[in-house]
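*Asks:* So that we are looking at the same thing, I have put the structure below in structure tokens.
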Amino acid sequence: MLRTTGLPVLALSHINDAGYWIFTKLSGLNVADGLRTWTVMTTLLGTLGFCITLLIWPFV
């Protein structure tokens, strides 16, 4: 249940997320490059998490 509620939120993360700013500052990226990287990364993680949830759902 946690997987189905938590992962879509990750995919919808945006520039006002504290995780974005931590990632951008620690990576040394500017705002535009950080947003480009963050958007792709969180979308992939959210989509992958959704696919994994669909795969394990019949076994739960």
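Using my numbering, the letters of the sequence shown correspond one by one to residues 378 to 437. Yeah, the Cβ is synthetic: ideal placement off N, Cα and C, and Gly gets one too.
Going by other Cβ atoms of all chains shown within 10 Å of its Cβ, with 16 needed for buried, is Trp415 buried or exposed?
*Replies:* Buried, by the Cβ-count rule.
*Asks:* So what does DSSP say about Asp410, is it helix, strand or coil?
*Replies:* helix
*Asks:* Using the C-alpha atoms, what's the distance from Cys428 back to Phe436?
*Replies:* Answer to the nearest angstrom: the Cα atoms are 14 Å apart.
*Asks:* Does the beta-carbon distance from Gly396 to Ser404 come in below 8 Å?
*Replies:* no
*Asks:* Identify which residue in Ile399, Thr420 and Leu425 has its Cα closest to the Cα of Ser390.
*Replies:* Thr420
*Asks:* Would you mind giving the Cβ-Cβ distance between Leu432 and Leu387, rounded to the nearest angstrom? I have them listed as a contact below 8 Å.
*Replies:* Actually they do not touch by this definition, with Cβ atoms about 18 Å apart.
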